[in-house]
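Chemist:
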Amino acid sequence: MKPSTRQPAGYFFDDYAIGQTFAHAVPRTITSGDSALYQALIGARNPLHCSEPFAQSLGYPSVPVDDLLVFHIAFGKTVPDISYNAVANLGYADCRFIKPVFIGDTLHATTKIIGLKANSNGKTGVVYVRSDCFNQRDELVLTWARWVMVHRQADASLPPASLLRNTSTGLPVEASPLPIFDEFVAPAQLESAIQFQFSTADSGVVERATGGTLFFDDVALDQPIKHPAGMTIDETDHTLATKLYQNTARVHFDSHHMENSRFGRRLIYGGQIISICRSLAFDGLENALTVAAINGGSHTNPTFAGDTLYAVSTPRMKWPLNANVGALRLQLDGYKNCDPNLAEFVNVSADQKVLSLDLTVLMPRRSYST
Amino acid sequence: MKPSTRQPAGYFFDDYAIGQTFAHAVPRTITSGDSALYQALIGARNPLHCSEPFAQSLGYPSVPVDDLLVFHIAFGKTVPDISYNAVANLGYADCRFIKPVFIGDTLHATTKIIGLKANSNGKTGVVYVRSDCFNQRDELVLTWARWVMVHRQADASLPPASLLRNTSTGLPVEASPLPIFDEFVAPAQLESAIQFQFSTADSGVVERATGGTLFFDDVALDQPIKHPAGMTIDETDHTLATKLYQNTARVHFDSHHMENSRFGRRLIYGGQIISICRSLAFDGLENALTVAAINGGSHTNPTFAGDTLYAVSTPRMKWPLNANVGALRLQLDGYKNCDPNLAEFVNVSADQKVLSLDLTVLMPRRSYST
Amino acid sequence: MKPSTRQPAGYFFDDYAIGQTFAHAVPRTITSGDSALYQALIGARNPLHCSEPFAQSLGYPSVPVDDLLVFHIAFGKTVPDISYNAVANLGYADCRFIKPVFIGDTLHATTKIIGLKANSNGKTGVVYVRSDCFNQRDELVLTWARWVMVHRQADASLPPASLLRNTSTGLPVEASPLPIFDEFVAPAQLESAIQFQFSTADSGVVERATGGTLFFDDVALDQPIKHPAGMTIDETDHTLATKLYQNTARVHFDSHHMENSRFGRRLIYGGQIISICRSLAFDGLENALTVAAINGGSHTNPTFAGDTLYAVSTPRMKWPLNANVGALRLQLDGYKNCDPNLAEFVNVSADQKVLSLDLTVLMPRRSYST
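Residue numbers (my numbering), protein chains in the order written: chain P, 3 to 372; chain R, 3 to 372; chain U, 3 to 372.
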């Protein structure tokens, strides 16, 4: 069903049909070089991703690749087919990390169009997709839904949105039901936690490796954790990261083109903001070792080179999964140029909030080691 | 024949003699870290260099190192002995990629002086060299010629250029014949294509991995392919790349020194412009999997941090080499701050063209898989 | 003895007691990716760290990790517990590189408080520490002492410094003797040289790999070696390096916070200045293959993005250690924005000197191969 007329410059809204599937190009073997560069770019310190003995002490055969690096690489694969001509990435839902990925694994990804909604302005539409990422054994390692605003082709011969028809059903696109997502990933779906992770964890070993004293059983809900550090992002920081992910969305790379855009400059890839906020959250949530799910999230304001990021985490729900590990649903908020630890934060303005992310992390439990 | 008086600050024009040979220092083992950093710096997506299964499907034992990374590392080795005091790199010829290089291989290089021409200004001369790069088994992997303008030593005791004598022949340097190069590498010389590459390629497999539908047999000559993306280069982008290549030419690194130069700032290493234009050319020439030869080329204008690069490829000649693969001679032109896809390009000025490169790439053929 | 009330934002002067020991978090497996990124960030060319065959020709089983990368990673581990709230790193002493570290080794570190001195201003104190770094077999690979000025907590309930008591002895902190360090590491203590390094070196092999003709026996004492190159540091250069080291000191990363500091901007991590000066020193001291000790040193002025560094080495003492190798004590001075090779250097001002480092390097001897 892939259009035979694909242009290197990507698709537009009118090129898509419900049920259409893309097998994205550029399979990628993840090397220790990729992992080292990612870690340095975001200042990661989670020992699960940088200590072979620690990973083995948790039952992993070797160091697993950082969940968010897997996400960014998988996401990057989808850009040429889905969001090369995107106006904005509107939201994520039901993102689940199914299996760990290791150095030497090769990832590829597919995307299915699951919803289409033409906007009334006639210039853009919203494309809803489900993307899946697989390893070299075709095992699903990651799945997520997102919706993205895409330009319509500037072509007078195109039918108006109200006449577009779903290629599968023949029904008008406007009549197709849009997908509905759960508010968050249910604990029963956090398969990775049950099957793969922390099989042999000991909270004393974990504390020595992470430096963190807060375990799953200690977490108080609805108490914000203001992470102490801030991190300034410079131009090469984010373009190097986004090129590492092989994400080609031009808004991040082409300052000549962006001079004439609304903001007059390159935008930082939203996924990089997620990674940096997660890295900042290490100080205070050292034992939130893996990301099991991204329940939803939005980039509430754009971020530019020179901005300094801060993060606040607020635990919202928690579920013990087994004797070793629990799942913690967190609200992770990112701010720019306003430190939540200082008095200035009472004056933080709405346009300084850059990230609102609802994610579920896995934390070892304290009890099983005492 | 290596001068025993070598200074750490490099040689000057009058230090060279025809036939003189340099065994360059600093052998280099290429790691997956080098490869990952290179890929991220230029935004490469060619799956031959980032997917182990894809490389193996083409008959390679493992992922080969990007040809241009090999070139830059080999080139970097020659800088301390050849172009540390260069004014400008004037041209390349007869550059042939002989054998693939793999992660773990160790490269070293030699250079022979093949021509000398003192300039009439008495201050500079042109040095013609042939450089060869070998792996740890002393197998030739890459060979190229270049000519470079080098300062004469500011030393009144030196003979005028007209009295310089070739140390081998005793003849005046001015009388030495300058080397003559073919316009392009003949297909019969593209040894690597015949012996090493694409032995088991299947164009269906290739298309799924690269996303490209244009195969050797489909290419129309003399039809420019305007690549859709642009890429802005920031200061750390190019200095980090050039340090990765262990290229020490000071014009790239020392802004204090460059403040008093003609341009008042650091220059970007021309090889980096080649790499970025090749990376931009992936969208549209996804199946141009390897570089077999650089026939010639020049850096027509300098590039600086902040410039945005665009690329246009024009196929000029094509030769089927065997049932699996053909060679395509391309003109690759690079422009700064003017997008060839936009109307503004009719006003592109001569000083916005930064690269004119004549190269030969290898592309799988479509026919053998149908 | 680790305080149970540890905050993610680090400790203050009054939290420390003599004899207290910290087992730092975040063990780190060093990968070829870490090594490649380090090499590119500082422009390193020492073939011992980038050529597998050369390392093996010296008797190493494989490429050892650059000594200073080991130092920075070990140092980074200590920051959260020791210098997160540091005003300034005042000095180093008795730093010894005991055993080589290889790709795949996992490092962890401990620190013991060995001296405390409250400053009379009541706002800061000096903490003297001994830090040790171990590999995954708990073998000591590196040890060093440093002293650092740390803020006192802004808390009226704290006792004045004069009443602080050592938790071990019960004596007033002011009465504790401060540690005394030797001026330099004695040759007998350079264990690594004797036991591990250059066991099979041949100076002809070394010269071909390094390009350097100056061997241990050739070095003239008290003759400054002005290294020819300069290197400009941009913002991403130093933040990427410091994040690679997992060093979290906020003065390097948070430009929003630093806007209100004395300098109004981010400071470059002093260790990065050491690495860059050592890299610049390769041209002229190509055969100074490893660092055996850092005898002492100070960062005499801060360095900022945009500054260009230059280096001058002055050999001060030399000791033959065995038939293969000698130890050379060097004074390594770093300057910013003033090239020691130019006439301008006579006007260099005191605030342009950024590094005064006293280190001992190991160099192969010429004699044993003739």
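Backbone N, C-alpha and C fix where the C-beta goes; we use that ideal spot for every residue, glycine too.
Of all the beta strand (DSSP E) runs that stay within the bounds of the stretch 79-124 of chain U, which reach a length of 3 or more residues?
Modeler: For the stretch 79-124 of chain U, whole beta strand (DSSP E) runs of length 3 or above, ordered along the chain, are 88-99, 108-120.
Chemist: Any Cβ of chain P within less than 8 Å of the Cβ of S263/U?
Modeler: Looking up residue 263/U in the third sequence gives position 261. No, no contact with chain P.
Chemist: Could you confirm whether any beta carbon from chain R is found closer than 8 Å to the beta carbon of A222/P?
Modeler: One-based indexing of the first sequence puts residue 222/P at position 220. Chain R contact via Cβ: absent.
Chemist: Between S257/P and T310/R, is the Cβ-Cβ spacing less than 8 Å?
Modeler: Start at 1 with the first residue of the first sequence, and residue 257/P comes out as number 255. Start at 1 with the first residue of the second sequence, and residue 310/R comes out as number 308. Contact flag set, yes.
Chemist: Looking at the C-beta of M233/U, does it have a partner C-beta in chain B at a distance below 8 Å?
Modeler: Included in the structure are the protein chains P, R and U, with no chain B among them.
Chemist: Roughly how many whole angstroms lie between the Cα atoms of Y40/P and P55/R?
Modeler: Numbered from 1 along the first sequence, position 38 holds the residue referred to as residue 40/P. Numbered from 1 along the second sequence, position 53 holds the residue referred to as residue 55/R. Cα to Cα, the separation comes out at about 23 Å.
Chemist: Starting from the Cα of F183/U, find the closest Cα among W146/U, S281/U, L216/U and give me that residue.
Modeler: What you label residue 183/U is simply residue 181 of the third sequence in a count that begins at 1. Proximity to F183/U across W146/U, S281/U, L216/U peaks at W146/U, based on C-alpha coordinates.
Chemist: Touching or not, the stretch 207-223 of chain U and the stretch 287-296 of chain U, by the rule of three or more beta carbon pairs under 8 Å?
Modeler: yes
Chemist: Applying the 10 Å Cβ sphere with the 16-neighbour rule, what's the burial state of T374/U?
Modeler: Not covered by the structure: residue 374/U. The range shown for chain U is 3 to 372.
Chemist: Who are the neighbours of F255/P on chain R, taking C-beta pairs under 8 Å?
Modeler: Taking the first sequence and counting its residues from 1, the one referred to as residue 255/P is at position 253. Chain R residues near F255/P: G45, A231, G232, M233, T234.
Chemist: Consult DSSP for L216/P and reduce its assignment to one of helix, strand or coil.
Modeler: Taking the first sequence and counting its residues from 1, one reaches residue 216/P at position 214. If DSSP states are grouped into helix, strand and coil, L216/P belongs with coil.
Chemist: Taking 8 Å as the CB-CB limit, is T310/P close to chain U?
Modeler: As a position in the first sequence, residue 310/P is number 308, starting the count at 1. Yes, T310/P counts as interfacial toward chain U.
Chemist: Report the CB separation of T362/R from A294/R in whole angstroms; it is logged as a contact under 8 Å.
Modeler: Taking the second sequence and counting its residues from 1, the one referred to as residue 362/R is at position 360. Taking the second sequence and counting its residues from 1, the one referred to as residue 294/R is at position 292. Indeed they touch by this definition, with Cβ atoms about 5 Å apart.
Chemist: Using a threshold of 8 Å, state whether the C-beta atoms of R47/U and F186/U are closer than that.
Modeler: Reading the third sequence from its first residue, position 45 is the one you call residue 47/U. Reading the third sequence from its first residue, position 184 is the one you call residue 186/U. Between R47/U and F186/U, the CB-CB gap reaches or exceeds 8 Å.
Chemist: With a threshold of 8 Å, are at least 3 pairs of Cβ atoms found where one atom belongs to the stretch 333-342 of chain P and the other to the stretch 70-77 of chain P?
Modeler: no
Chemist: DSSP puts C135/P in a beta bridge; with which residues?
Modeler: For the purposes of this step, residue 135/P is identified with residue 133 of the first sequence, where counting begins at 1. Bridge partners of C135/P: A111/P, L144/P.
Chemist: Shorter than 8 Å from the beta carbon of A25/R to some beta carbon of chain U?
Modeler: One-based indexing of the second sequence puts residue 25/R at position 23. Interface residue, yes.
Chemist: Under the DSSP definition of a beta bridge, which residues are partnered with L332/U?
Modeler: For the purposes of this step, residue 332/U is taken as the residue at position 330 of the third sequence. Its beta-bridge partners are P317/U, L361/U.
Chemist: Should G214/R be listed as close to the ligand HEM, given that the test is whether its C-beta is under 7 Å from any heavy atom?
Modeler: No copy of the ligand HEM occurs in the structure displayed, which carries no ligand at all.
Chemist: Helix, strand or coil: which one does DSSP assign to F24/P?
Modeler: Numbered from 1 along the first sequence, position 22 holds the residue referred to as residue 24/P. If DSSP states are grouped into helix, strand and coil, F24/P belongs with the strands.
Chemist: Which residues of chain U have a Cβ atom closer than 7 Å to the Cβ of S34/P, listed in chain order?
Modeler: By 1-based counting over the first sequence, the position of residue 34/P is 32. Within 7 Å Cβ-Cβ: T33, S34, G35.
Chemist: Buried or exposed: where does L225/U fall if 16 or more other Cβ atoms within 10 Å of its Cβ makes it buried?
Modeler: Start at 1 with the first residue of the third sequence, and residue 225/U comes out as number 223. Looking at the sequence provided, one finds Gln at residue 225/U rather than Leu. When all chains shown are included, Q225/U counts as exposed.
Chemist: For P230/U, I'd like the list of residues in its chain whose CB is within less than 8 Å of its CB, leaving aside the five on either flank, ordered along the chain.
Modeler: Looking up residue 230/U in the third sequence gives position 228. Answer for P230/U: D285, G286, N343, listed in chain order.
Chemist: Is there a Cβ of chain R sitting closer than 8 Å to that of A158/U, yes or no?
Modeler: Start at 1 with the first residue of the third sequence, and residue 158/U comes out as number 156. Interpretation of A158/U is limited by its pLDDT of 45, a score under 50 that renders its predicted location unreliable; no figure is taken from the coordinates.
Chemist: Buried or exposed for S351/R, going by 16 or more other Cβ atoms inside 10 Å?
Modeler: By 1-based counting over the second sequence, the position of residue 351/R is 349. By the neighbour-count rule (16 or more Cβ atoms within 10 Å), S351/R is not buried but exposed.
Chemist: Which residues does DSSP list as the beta-bridge partners of K355/R?
Modeler: Taking the second sequence and counting its residues from 1, one reaches residue 355/R at position 353. Beta-bridge pairing links K355/R to Y337/R.
Chemist: Take I115/R as the anchor and find which of R148/R, P29/R, N326/R has the nearest alpha-carbon.
Modeler: By 1-based counting over the second sequence, the position of residue 115/R is 113. Nearest of R148/R, P29/R, N326/R to I115/R, Cα basis: R148/R.
Chemist: Is I278/P helix, strand or coil by DSSP?
Modeler: The count along the first sequence starts at 1 and reaches residue 278/P at position 276. In the three-state DSSP reduction, I278/P falls in the helix class (H, G or I).
Chemist: Nearest-angstrom Cα distance between G366/P and N91/P?
Modeler: Looking up residue 366/P in the first sequence gives position 364. Looking up residue 91/P in the first sequence gives position 89. For clarity, residue 366/P is Pro in the given sequence; the question names Gly instead. About 33 Å.
Chemist: How far does the beta strand (DSSP E) with T292/U in it reach, from first residue to last?
Modeler: Taking the first residue of the third sequence as position 1, residue 292/U is located at position 290. First-last of the beta strand (DSSP E) with T292/U: 292-300.
Chemist: Quick one: using the 10 Å Cβ neighbour count with 16 as the cut-off for buried, is P317/U buried or exposed?
Modeler: Residue mapping note: residue 317/U aligns to position 315 of the third sequence, counting from 1. Its Cβ being crowded by 16 or more others within 10 Å, P317/U is buried.
Chemist: Note down the Cα distance separating A345/P from I227/P, rounded to an integer number of angstroms.
Modeler: Here residue 345/P corresponds to residue number 343 of the first sequence, with the count starting at 1. Here residue 227/P corresponds to residue number 225 of the first sequence, with the count starting at 1. Spanning the two alpha carbons is a distance of roughly 16 Å.
Chemist: Would you be able to state if there are at least three C-beta pairs under 8 Å between the stretch 57-67 of chain R and the stretch 57-64 of chain P?
Modeler: Taking a cut-off of 8 Å on C-beta distances, the stretch 57-64 of chain P does not touch the stretch 57-67 of chain R, as fewer than three cross pairs fall below it.
Chemist: Just the Cα atoms here: how many angstroms apart are L192/R and V103/R?
Modeler: For the purposes of this step, residue 192/R is taken as the residue at position 190 of the second sequence. For the purposes of this step, residue 103/R is taken as the residue at position 101 of the second sequence. Straight-line Cα distance between these residues: approximately 16 Å.
Chemist: Output, in chain order, the set of chain R residues within a Cβ distance shorter than 9 Å of T238/U.
Modeler: Against the third sequence, residue 238/U aligns to sequence position 236. Going along chain R in sequence order, the residues near T238/U (Cβ under 9 Å) are D236, E237, T238, D239, L242.
Chemist: Compare the Cα-Cα distances from D1/R to each of V131/R, L118/R, Y247/R, D96/R and report the closest residue.
Modeler: A question about residue 1/R goes unanswered here, because the residues of chain R that appear run from 3 up to 372.
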